[in-house]
Every structure is written in structure tokens, then in C-alpha cells.
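Chains as they are written, first to last, in the numbering used here: chain P, 258 to 581; chain R, 17 to 589.
What follows is a single structure, written as C-alpha cells, with notes after it.
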Amino acid sequence: MPEIARPGQERFVAPLAETPLEETGTVDTSAPPEGQWKEAWKQLRSNWIFWVSAVLLLFILIVCLFPGLFTDINPRAADLGRSKEGPQSGHPFGFDAQGYDVYSRVIHGARASVTVGILTTLFVTFVGLLTGALAGFYGKWADMLISRIADVFFAIPLILGAIVLLSALNNVWSGRGYWGGVIAVVLVLAVFGWPQMTRIARGAVLEVKNLEFIDAARAIGSSKWSNLRRHVIPNALAPVIVTATVSLGVYIVAEATLSFLGIGLPTSVVSWGNDIAAAQSEVRSGRNLHVLFFPAGALAITVLSFMLLGDAVRDALDPKAKKS
Amino acid sequence: MSERIEAATEPLLEITDLQVAFRAGKRDIPAVRGANLTVYPGQTVAIVGESGSGKSTTAHAIIDLLPGTGHVTGGTIRFDGRDITHLKRRQREAIRGSQIGLVPQDPMSNLNPLVRVGSQIKEALEANDIAKGNAADKRVVELLEEAGLPDAQARARQFPHEYSGGMRQRALIAMGLAARPKLLIADEPTSALDVTVQQQILDHLDSLTDDLGVAVLLITHDLGLAAERADHLVVMYKGQVVESGPALEILQHPQHPYSQRLIASAPSLASQRLTAQTRAEVRESAVKTAGEIVAEHEGDEFGGEATRIAVEAKELTKVFKLPAGGLGRTIDFTAVDEVSFSLRRGTTTAIVGESGSGKSTVARMVLDLLEPTSGAVEFDGVDISTLRNKKEQLAFRRRVQPVFQNPYASLDPMYSIYRSIEEPLRTHDIGSSKEREATIRDLLDKVSLPSAVMRRFPNELSGGQRQRVAIARALALQPEVIILDEAVSALDVLVQAQILNLLNDLQAELGLSYLFITHDLAVVRQIADEVVVMQKGRAVEQASVVQVFDHPREEYTRKLLDAIPGGSIDLAS
């Protein structure tokens with residue numbers, strides 16, 4: 258090669274003062290320690306969508322728990338003389354066809370809808386996580402069995418399946434009352450909802466179970482079961498939580514749909530779905546739309562809040578899936 | 017001759033005071049700070065640096081392929097006599113591909129899996145208006161032939177998954193050179209490939225670019241490789257150029273302390289005599305300590321007699337059943353074929369092989385994480401497959417511990433460092449929680465980490481630090497044997513050297529025996545005493561390190577040795 262360096266390629270050594278060397282492998286111990294959850298919380302905290310949905314949901318939760326704080330009008334007190342009267346002082350949302358106070362029914366209806374959403378999600382998450390983890394972790398015949406059963410249920414559309422099952426249930430268990438009605442809807446939705454969660458959990462477990470720290474734990478002498486419990490499930494939890502928060506809204510909509518069709522919650526239960534169903538005739542006539550508008554609006558806001566929360570949680574727990 | 021002189025006076029690429037930054041929120045985080053670099057036509061220039069040194073960022077700035085929020089904040093890039101720093105997008109695109117080609121790093125992810133390889137190269141030709149239609153098809157075959165792919169006509173019609181890693185990289189080289197650019201940027205072109213394939217590809221790239229007169233800007237972390245292939249070296253560190261000049265001169269007389277450190281740490285360049293000597297000292301001390309430990313434990317619960325041989329593999333064989341087309345039908349794949357070796361106490365036996373040689377399968381069988389199809393692993397003369405009751409198995413686990421390759425996957429991200437190291441102690445019910453804490457502090461001290469890292473999580477530590485934690489966890493049960501499965505392969509050279517030193521120190525101090533699994537023959541000299549060379553599931557050569565390096569018997573071993581980049585460079589003169 259050339260003995261005389263070409264212009265621009267002369268020997269160059271940067272002065273040490275301008276390029277200080279750092280010790281290889283030092284640990285910065287100044288900042289407080291941060292685990293994955295803490296980091297996710299930090300991310301969540303800086304997301305305004307999270308705060309909007311959290312404030313709304315907190316409010317909705319208070320309404321569910323203490324409807325008495327917001328109204329002392331009995332939602333079942335009918336005053337036929339005031340049927341379909343519009344909003345007025347003392348009755349901000351007006352009256353429906355039966356002469357019920359719409360505001361009071363919207364407030365009292367929150368509990369049934371939100372309860373169905375939360376209970377179904379809890380149920381589905383529990384069953385789905387358990388079956389998905391077993392299928393993914395143990396594989397072979399356990400996976401075969403669970404996955405095929407899940408496929409069978411997955412093939413049936415949620416609403417269609419729920420309609421069939423609920424009308425069958427009505428024949429054997431009629432007059433269920435408030436909690437009976439709620440639990441029946443929860444069970445039926447869970448029967449058709451769990452396979453989705455099973456798939457998510459199974460996929461997450463499959464991804465985790467071949468990582469080296471699982472082998473390291475086995476080499477320590479941990480049993481398979483304790484490995485599953487201590488390492489695999491905690492690491493597979495993030496996508497499950499994300500799916501759970503998003504599907505909460507879906508189940509609330511499903512309940513309203515079923516009630517609207519007249520086979521969800523019994524008509525004796527005050528719920529948004531039932532009230533929307535009762536307002537059907539007003540839609541056709543095109544008059545007195547306030548009867549439809551307020552329960553439908555409450556439903557929309559609640560579902561939207563849960564969906565937004567789900568979005569924010571997903572961004573925090575699974576930054577890869579973030580929409581750019 | 018006159019052309020040469022003319023060429024020598026006019027640089028092809030001239031980067032002056034380049035500044036590149038990445039935008040994070042409202043701040044700019046500098047990635048490249050004032051880099052200078054000159055490439056002449058037909059010349060090979062290498063940028064050398066660790067991960068995070070800014071070497072790839074510099075290269076990507078030239079072709080305007082900075083990822084995400086990266087942008088040039090200062091300095092100039094002149095290419096072929098014209099300033100291309102602030103060209104419009106269209107003008108840049110015209111240069112990219114047709115005048116500057118790129119061979120990307122990862123051959124696996126840089127070809128579209130759904131498109132035939134030939135069509136992808138054709139696309140490159142058509143995008144740069146080199147050829148169209150039938151002419152382009154013909155050119156594709158020529159290019160693939162030129163890149164050294166046999167039977168190019170048929171190969172052009174195949175999909176990427178039908179290619180091996182080396183063939184894909186050849187296809188990418190064909191693509192990078194499709195438009196006959198004046199400059200080819202090769203970003204770690206062979207890092208993902210086996211050493212022997214790496215050598216073939218680089219040889220081919222060398223002769224091809226020589227013939228075509230293409231200048232090459234080689235980006236690499238491997239100083240040996242850079243010195244072997246390039247005329248001019250640019251050493252980068254934390255976004256700055258710390259030293260540049262003729263390759264051999266830098267290697268023989270590095271002046272910046274960083275370059276000096278880099279050269280001292282590079283396994284392929286490390287002085288053989290010196291490492292052999294330190295290694296002998298480590299072994300002597302380790303064997304002595306191991307002997308004392310054995311004497312102490314004479315007649316322990318484990319049953320077998322303590323012997324000088326810690327682990328012995330006897331004709332280990334593993335056959336995997338792979339699905340073959342039809343329902344439930346399988347074909348046998350012999351991953352490990354009658355491999356025997358022994359590991360003497362206080363010494364290191366290295367198992368060396370390329371990907372698919374079965375070396376990691378051997379490691380998993382020795383760890384009793386995988387059952388051998390036939391053959392046996394004996395620990396202190398006891399066949400480990402005969403350990404049936406829980407107590408004996410746990411006793412075995414205590415004495416053999418692993419350290420794995422991927423520092424990002426070998427620690428549970430949910431566990432704090434404290435919990436990670438505590439786990440083996442808890443599982444084996446050792447000590448009270450107070451005693452355990454003292455043990456953990458002691459272990460962290462042994463692997464040279466401050467005890468403050470206890471409360472941190474893996475995501476807060478660097479690769480090297482995580483690997484130290486993994487070593488501390490492996491040491492927690494005071495094992496006698498540690499299986500190091502590619503334990504230093506994913507680390508930067510300097511960190512790798514540190515970890516190897518640490519392993520040597522620990523071996524000398526604690527009398528450990530190591531089974532060191534690696535694809536990199538170069539590091540073997542620094543840590544191993546015996547070497548087993550594996551190829552396609554078989555042990556093709558077994559001997560002491562000195563013998564293997566100085567008098568390799570097998571053709572394959574010789575090939576591996578020759579392929580060590582920079583291995584033949586004379587540092588002394």
C-alpha cells in the first residue's frame with residue numbers, strides 16, 4: 258500500500274482529552290431501580306388517554322356502587338301521566354313511554370352493564386389463562402385437547418351462540434331475578450369468550466417457555482410446575498392483560514345487544530340494553546328521541562372509556578404493538 | 017498507472033465533521049460526533065467499533081437510510097465530487113443503488129420471503145434503469161453467477177428460504193453490485209454466518225470488487241477482520257473517530273488508548289505465547305484447589321467416588337424425530353453422533369463447532385435437560401440417567417450449573433437481580449434470608465459487580481453485566497462444573513475479554529471445571545485446555561489446545577483455524 262498517505266487518510270489520533278475513555282461495564286447506580294411493571298406505569302402515567310379514560314371509569318364505577326348519590330328517584334316508579342315528556346327541571350333526561358324517569362334509569366342501569374362486563378372478563382381471563390398456559394407449556398396431548406375444544410367454541414359467533422344458549426336457558430331457568438339474570442348472561446358470554454383468551458395466553462407462553470432463563474431455572478432443579486408458576490405465567494401476563502381490558506368493552510356491548518334482543522337480562526332488571534330495547538318504537542316514530550339517546554349515550558361513553566384504557570395499557574405493556 | 021494516480025488525487029467519498037443525532041422527545045441525542053472519513057476509488061476502508069460506537073449510523077447517513085428519528089445535524093458528505101449532505105429525497109434515491117450499493121447485515125431478514133430471489137434482484141436492476149424485461153432476467157443470472165452461486169439459472173427462480181445463510185448473503189451482494197456502483201457499503205456483511213462461510217464470502221467480495229474497481233466501506237466490530245480486508249482503518253468509539261490510518265500501522269502501533277485496549281482484547285490477535293502461559297497458571301491453581309475440594313467431599317451423599325475426571329461423556333447420541341410430509345410420519349435426524357470426551361477437574365474442555373454441529377445439544381444432555389438417545393453422561397463415575405430419586409437429582413443440579421448465550425434471555429425480566437441470584441438458594445433451601453443476602457453480596461463481589469445492582473432489573477444492565485449476573489447465579493450453589501454455552505459469543509470484544517478474565521480468575525480461585533461451548537475457535541486459546549472439534553454431530557478431532565492450534569490433524573480443523581479473521585497478521589514488526 259502507498260507509503261505516503263493520500264490526502265484525508267493521514268494517520269490520525271484523537272486527543273485523549275476530547276475522547277475520554279470510560280471503564281467498560283460500569284453500572285449507573287444513581288437512578289432508582291425500575292422493573293418492567295414500574296416502567297409500564299411510568300409510560301402509562303405520561304399518556305393523556307389513560308387519564309381521560311381513568312377519570313371517566315372512576316366516575317362510572319362510583320355511579321355503579323352508589324347510585325343513591327346521584328338520584329333518589331326510584332327507577333321503577335312509573336308515572337304514566339308523564340309518559341314521553343321531555344327533559345325538564347328535576348327530571349333532566351325526561352320520561353320514557355312507561356313514565357319512568359330516564360335519568361334515574363341511566364344511573365341505576367350502569368350497575369348491571371358494568372357488572373356483566375367485569376365479571377365476564379374476570380371469568381374469561383381466569384379460564385383462558387389457565388387453559389392457555391397448560392396447553393402452551395405442556396404441549397403434546399394437553400395442547401391437542403385444549404386447542405381443539407377451544408376451536409370448537411371459537412367457531413361459533415359470540416352473539417349467535419349466546420342467543421341460542423340463553424333461549425335454551427330461559428326454558429329451564431325462568432324468573433331469574435336481578436343477580437340470577439346477571440350471572441346467566443356472564444356465564445353464557447364466558448362460554449363463548451374464553452377461547453380467544455386461551456389462544457392469546459397459549460401464544461405468549463410458547464414464546465416465553467423456550468427462553469434461556471427457563472432452562473436456567475430447570476438446571477437449578479425447579480420443578481416444571483413451579484417454573485410455570487414463577488417464570489412462565491408472570492412473563493406471559495402482559496398480552497393477556499391487554500386483551501382483557503380491551504374485551505371488557507366488547508362484553509358490555511354484547512350484554513346490551515342481547516338485552517336489546519330481549520333475551521339478555523330479564524326486563525325486570527334496570528339496564529341500558531333493556532332501556533334501548535324499550536325505546537325501539539321511538540326510533541321508528543322519530544319523535545321523543547331523548548328516550549333512546551341517554552341510555553345509548555351512557556353505553557357508548559362507558560365502552561369508549563374501556564377501549565381507550567385498553568389502548569393505553571397496550572401501549573405501556575407492549576410498546577412494539579403501538580400504532581405510530 | 018496514470019489512472020491510478022488520478023484516482024488517488026480525487027477522493028470518492030469524503031466525510032467531514034459529520035454529526036448525526038437521534039431525536040428523543042424534544043432533545044437530540046448525538047450518535048455521531050464530528051466523524052471524518054475519506055475513501056478513494058477502488059479502495060477498501062473499514063470502520064471498526066463496538067455496538068453503539070456509531071459505525072453503522074455513519075454508514076447509514078451516507079445513503080440516507082438513518083432509522084426513525086435519526087438526522088444529520090452538521091458536517092458534509094461529499095460523494096464523487098459533489099455535496100450530497102442536503103440533497104432532495106429524489107436526488108438521493110438516484111444515487112442510492114446506482115452509485116452507492118449496500119450489503120446489509122442480516123441475510124435472514126433482508127430478503128423478502130415471498131418473492132423469488134431473481135425477481136428481487138431484477139427489481140434492483142429496473143429501479144436503477146439498468147435493464148428491463150428479458151435483458152434484466154439475463155443480467156440477474158449473470159449477477160448471481162458472478163456472486164458465486166452455482167446453477168444460477170435455477171437459483172434465480174428459488175425463494176429465499178431455499179437458500180442457506182451464505183447463499184442469501186451472496187444474493188444480497190449480487191443485489192448491492194447490480195447497478196455497478198462506485199462504492200459498496202458492507203455493514204457487518206458476514207457477522208451472522210459461520211466462520212468458514214464468512215471467509216469464502218469475504219474472499220469472493222474482495223476479488224469481485226477488485227475486478228470491478230468498486231470501493232468498499234466495510235463496517236465491522238471485528239478488528240482482525242478489518243485489518244485483514246482493509247487498507248485504511250477508522251476506529252470509532254462512542255460516536256467519535258479516535259484513530260485512523262493505514263490498517264497494519266494501527267494494528268502494530270496503536271496510539272489511542274481505546275485502540276490499544278481493542279487490540280489487546282481481540283481474541284484472534286491476542287499473543288499466543290502470552291495466553292498459553294497465563295492459561296497454564298490458571299490451570300495449575302484450579303487443579304490444585306479442585307483436588308482439595310475433592311478430598312474434603314470424599315464419600316458425600318452423591319454416591320460415586322470423587323475422581324479426577326469430573327464429567328465423562330460416553331458415546332453420546334441424540335436422534336431427533338423431524339416431521340416428514342405425511343401425517344405422523346417422521347425422519348430421524350442425528351444431531352449428536354457417538355460423541356465421547358472427558359472433563360478433568362480444574363480444567364476447561366472446549367467444544368467447538370459451527371451452527372448445526374450439535375455442540376449445544378451436547379451441552380443440554382450434560383446438563384440433564386435433554387435425554388440422550390443412547391450413550392451416557394457420567395458425573396464422578398455415576399451415570400446421571402440413573403439418578404431417579406429427587407434428592408440425588410437435586411444433588412447433581414447443585415454440582416453442575418449452566419451459563420447461556422443470550423444475555424437478554426438468560427435472566428427473568430420480572431425478577432430483580434437479587435431474586436434471580438436468590439432463586440437457586442431458595443430452591444435448594446439454603447440458609448436463612450439473612451444468610452442468603454450475605455451470600456448474594458459475596459457472589460456479586462466475586463463477579464465484580466457493586467452490591468447496589470441487587471435491587472435492579474435485567475433491563476437496566478448491559479449485556480456484559482447481565483452475563484456477570486448469570487455467572488453469579490450459576491455460582492450460587494457452589495458447583496464444581498459450569499457449562500458455558502456460547503457464554504461470551506454475544507458480547508462486544510472488550511466485554512468478552514473481561515468476562516473471559518473473570519472466568520479464568522474464578523476457575524483458579526474456586527477450582528471450577530468448565531465445559532466451554534463455542535463457535536469461535538479464537539477465544540478457545542484464552543480459556544481452554546482440551547478441545548473437541550465437532551462437525552455435523554461428530555467429534556472430528558480431540559486434542560490439547562496447543563496441539564490443535566499448532567498441529568491440527570483434520571482438514572476441517574485446519575479450515576476453521578484458517579478462517580479466524582486476522583489470525584495470520586503479524587503484530588510484532
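Cβ atoms here follow ideal geometry from the backbone N, Cα and C, with glycine treated the same way.
Reducing DSSP to helix, strand and coil, say where residue i ends up.
i, result
"L278(P)", "coil"
"M124(R)", "coil"
"Q494(R)", "coil"
"F95(R)", "strand"
"F395(R)", "strand"
"I580(R)", "coil"
"K71(R)", "helix"
"E352(R)", "First, the residue type needs correcting, since residue 352(R) is Val and not Glu in the sequence shown. Residue state, collapsed to three classes: strand."
"F350(P)", "coil"
"V36(R)", "strand"
"R362(P)", "helix"
"K397(P)", "helix"
"K148(R)", "coil"
"P324(P)", "helix"
"I619(R)", "In the structure as shown, chain R begins at 17 and stops at 589. Residue 619(R) is therefore absent and cannot be evaluated."
"R471(R)", "helix"
"P523(P)", "coil"
"Q417(R)", "strand"
"E308(R)", "helix"
"V442(P)", "helix"
"L233(R)", "strand"
"P332(P)", "coil"
So with Cβ pairs under 8 Å, would you call residue i a contact of chain P?
i, result
"Y179(R)", "no"
"L410(R)", "yes"
"S114(R)", "no"
"S260(R)", "yes"
"Y56(R)", "yes"
"F95(R)", "no"
"P429(R)", "yes"
"A425(R)", "yes"
"Y253(R)", "yes"
"N475(R)", "yes"
"F420(R)", "yes"
If distances are taken between C-alpha atoms only, which option among the options comes closest to residue i?
i, options, result
"D80(R)", "E109(R), D210(R), I533(R), G369(R)", "E109(R)"
"L491(R)", "L528(R), P466(R), D501(R)", "L528(R)"
"P46(R)", "S69(R), V55(R), V61(R)", "S69(R)"
"S376(R)", "L500(R), Q512(R), G117(R), I63(R)", "L500(R)"
"V303(R)", "E496(R), T389(R), L332(R)", "E496(R)"
"M183(R)", "P197(R), D167(R), R196(R)", "D167(R)"
"A140(R)", "T236(R), K71(R), A187(R)", "A187(R)"
"T89(R)", "T73(R), K575(R), R457(R)", "T73(R)"
"Q417(R)", "R489(R), E394(R), T346(R)", "R489(R)"
"L427(R)", "K466(P), S542(P), I375(P), A392(P)", "K466(P)"
"R49(R)", "A511(P), V309(P), E275(P)", "E275(P)"
"L160(R)", "Q185(R), K450(R), D396(R)", "Q185(R)"
"T372(P)", "V429(P), A511(P), A493(P)", "A511(P)"
For the putative contact between residue i and residue j, defined by C-beta atoms under 8 Å, what is the C-beta separation to the nearest angstrom?
i, j, result
"V251(R)", "G65(R)", "7 Å"
"L566(P)", "A311(P)", "7 Å"
"L507(R)", "Q483(R)", "7 Å"
"V439(P)", "L522(P)", "7 Å"
Output yes if chain R places a C-beta closer than 8 Å to the C-beta of residue i; else output no.
i, result
"A262(P)", "yes"
"L278(P)", "yes"
"F307(P)", "no"
"Q355(P)", "no"
For residue i, which residues of its own chain have a beta-carbon under 7 Å away from its beta-carbon, when the five flanking residues on both sides are left out?
i, result
"Y253(R)", "G65, S69, Y274"
Can you list, in chain order, the residues of its chain whose CB lies under 6 Å from that of residue i, leaving out five sequence neighbours each side?
i, result
"P552(P)", "V363, W529, D532, I533"
"V527(P)", "P332, R362, H365, G366"
"L386(R)", "R380"
Within a Cβ cutoff of 8 Å, which residues of the same chain sit near residue i, ignoring the five residues on either side of it in sequence?
i, result
"F327(P)", "V320, I364"
"R404(R)", "none"
"L228(R)", "L193, R196"
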